[in-house]
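J.: Next up is a structure, given as structure tokens.
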Amino acid sequence: MSSVAWHVASPARRSSVALFNEFLRSTRSALTKSAASVHVVIGNEAADADSIVSSLSFAFLQSQRHPETLYVPVLSIPRSELALRCDVTALFQALGVDTDAIVFVDEFPWTRTPVKLTLMDHNALNNKKIPQIDGLEVVEIVDHHSDLKQHLDAKREVAFAQGNALVASTCTLVAERLKDAEHHDVHKLLATMLLGVIALDSINFDPSAKKVTLRDVQAAEELEETAFAKKQELFKWLQSEKFNVKHWAAFTLENCLQVDYKEFAFTTSVGEEKKVGISAVLIDLQTFVRKSQDGAALRKALATYCKENELSFLVVMTMFVTADGRHRQLLFFQEVGDEAKHCIEYFKKERSLQLEPLHLPETHHDDHVTVFNQLNTGASRKQVAPLIQRALAEPVVKL
């Protein structure tokens with residue numbers, strides 16, 4: 001049940017949602033037939049609320065503008081993993097979005113080519129679940145992450161400069177386009193979902209969180225005029241679902257790693273490519289590691305995850321809220337190799353994250369696990385991933 005006070009009458013809400021569900025169902029149905037032109041709109045591999053809602057919304061807007069093309073929003077995870085996205089599932093359930101009609105990455109017929117792609121909330125196609133075959137062409141990018149300079153022939157909007165995102169959410173970029181789109185009843189639903197995600201990603205438009213920009217504020221003001229609820233109410237509700245203690249308590253350690261996981265391929269100073277996984281987790285590290293019985297079990301679980309994903313090392317970034325405010329912590333794990341140690345030394349020297357040594361419970365100590373409090377709570381994965389890239393590119397000095 002939703003705890004939001006919808007201020008739009010239920011018949012109007014139902015009408016908007018019904019039209020959107022019809023779009024999803026007709027799109028899914030059309031995939032089974034021969035469509036001359038198929039255009040996939042897909043978010044990043046973490047499939048957080050921003051990736052999911054921006055993809056669904058942008059695909060609908062594009063289908064309005066170009067009805068001759070079949071625009072298919074594809075969620076970048078298997079269907080079985082949607083339940084781990086507590087905020088998204090709560091939003092869809094409360095609004096009545098038909099998740100059975102949504103296409104997931106393991107359901108799309110990737111071998112039917114050609115397929116054009118628009119990348120939402122990322123700017124380099126790197127999803128392991130998409131087969132590397134000829135006929136897939138990235139033609140557009142709508143994103144707010146550090147530019148990896150791929151797909152340079154595509155139409156590109158990468159809202160990132162001088163180490164910072166120019167918007168808190170890709171949904172802000174979609175909202176800016178919604179404003180100029182020809183009116184449609186579905187836009188009320190889109191406005192509601194976009195507004196909720198922008199509120200989440202900007203931490204309720206709080207300047208102290210160092211995420212919100214004027215563009216986010218302006219987009220939210222426009223969206224709130226037609227959305228089914230006020231931004232403050234949406235934030236409070238979705239934030240509580242995102243950090244829902246019951247959900248996180250029920251998750252296994254592997255579930256926690258899967259909820260918001262991204263991979264990066266970085267090149268070292270000697271030209272070797274290293275794959276690094278970064279998981280964003282919304283519980284503190286002590287609670288996280290205690291999902292394993294002891295240090296040996298923790299090491300085994302992290303090593304298994306690294307092996308399954310062919311990682312050089314794994315980083316776990318936690319963010320949680322207490323009465324004292326927001327907190328961040330970092331965990332590094334590497335069983336074989338020194339790349340993680342090199343990054344840690346670089347971070348200590350570079351100092352922007354303001355790392356402070358942290359000690360895990362003695363029962364869960366392992367020499368391959370290193371943990372820190374991150375006092376710079378404004379630095380998210382958007383800032384940490386480029387730091388890792390720079391650290392690995394720096395020559396290793398052997399004494």
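Taking UniProt numbering, the leading residue of the sequence shown gets 1, the next gets one more, and so forth. Glycine included, each C-beta is placed from N, C-alpha and C at the ideal position. Since this is a predicted model, take the numbers as computed values, not measurements.
1) Which residues bound the alpha helix (DSSP H) around E225?
2) Rounded to the nearest angstrom, how far is the Cβ of T118 from that of F20, given a contact under 8 Å?
3) Measure how close the beta-carbons of I278 and K262 come, nearest whole angstrom, since I'm counting them as under 8 Å.
4) Give the single residue among N376, E308, L302 whose Cα lies nearest to the Cα of R328.
5) With a 10 Å radius around its C-beta and 16 neighbouring C-beta atoms as the bar for buried, classify D338 as buried or exposed.
6) Does DSSP put L311 in a helix, a strand or coil?
7) On the DSSP letters alone, give me the boundaries of the beta strand (DSSP E) that residue 410 sits inside.
8) Could you name the residues that DSSP lists as bridge partners for Y261?
9) Three or more C-beta pairs closer than 8 Å, one from the stretch 358–368 and one from the stretch 234–241: is that the case here?
10) Looking only at its chain, what residues have a beta carbon closer than 7 Å to the beta carbon of M1, apart from the 5 residues adjacent to it on each side?
11) Could you pull the start and end residues of the beta strand (DSSP E) that K155 belongs to?
12) For K242, count the other beta carbons within 10 Å of its own beta carbon; 16 or more makes it buried, fewer makes it exposed. Which is it?
13) Going along the chain, which residues of its own chain have a beta-carbon closer than 7 Å to the beta-carbon of L91, five neighbours each way excluded?
14) At which residues does the beta strand (DSSP E) containing F372 begin and terminate?
15) Under 8 Å by Cβ, that's how I've got R156 and I141 pegged, so tell me the actual separation to the nearest angstrom.
16) Would you mind sorting D216 into buried or exposed? The rule is 16 or more other CB atoms within 10 Å of its CB.
17) Roughly how far, in whole angstroms, is the beta-carbon of Q389 from the beta-carbon of Q374, given that I think they are within contact range, below 8 Å?
18) Name the residue from H39, K291, F372 whose alpha carbon lies nearest to the alpha carbon of P109.
19) Measure how close the beta-carbons of V167 and H151 come, nearest whole angstrom, since I'm counting them as under 8 Å.
20) What three-state label does DSSP hand E140 in the structure shown?
21) In terms of alpha-carbon separation, which member of F160, R85, T99, R112 lies closest to D121?
22) Can you pull the DSSP bridge partners for Y346?
23) Considering only the alpha carbon of each residue, which of G295, A393, R28, E182 lies closest to D366?
24) Quick one: grab the DSSP three-state call for V88.
25) Taking only three categories from DSSP, how would you classify W6?
26) With DSSP as the reference, please indicate the residues paired to T42 in a beta bridge.
27) In terms of residue numbering, what span does the beta strand (DSSP E) encompassing E233 cover?
28) Could you give the distance in angstroms between the alpha-carbon of V105 and the alpha-carbon of E394?
29) Would you say T268 and K274 are within 8 Å of each other, going by their C-beta atoms?
30) What do you get for T111, buried or exposed, if any count of 16 or more other CB atoms within 10 angstroms of its CB means buried?
31) Could you tell me the alpha carbon to alpha carbon distance between V158 and T32, rounded to whole angstroms?
32) Can you grab the Cα-Cα spacing for the pair V289 / T318, in whole Å?
33) CA-CA distance, H144 and V396?
34) On a CA-only basis, which of K382, A391, F372 is nearest S169? Give me that one, please.
35) For E182 versus Q64, is the C-beta distance shorter than 8 Å?
36) Near L56, which residues of its chain fall below 6 Å by C-beta distance, leaving aside the five closest residues on each side in sequence?
T.: Put simply:
1) Run containing E225: none; DSSP gives neither H nor E here.
2) Contact flag wrong, Cβ pair sits at about 18 Å.
3) 5 Å
4) N376
5) exposed
6) coil
7) Outside the displayed span of the chain (1 to 399) sits residue 410, for which this structure offers no information.
8) S279
9) no
10) The predicted position of M1 is uncertain, since its pLDDT is 43 and thus under 50; no value can be drawn from it.
11) 155–158
12) buried
13) M193, G196, L238
14) 369–374
15) 5 Å
16) buried
17) The Cβ separation is near 18 Å, so there is no contact.
18) H39
19) Not confirmed; about 20 Å, so no contact.
20) strand
21) F160
22) DSSP, once it has assigned bridges, lists no residue as partnering Y346.
23) G295
24) helix
25) coil
26) Here the sequence assigns Ile to residue 42, which means Thr is not the residue at that position. Its beta-bridge partners are V74, L119.
27) Unbroken run through E233 is the alpha helix (DSSP H), 231–242; no beta strand (DSSP E).
28) 36 Å
29) yes
30) exposed
31) 33 Å
32) 12 Å
33) 31 Å
34) K382
35) yes
36) P73
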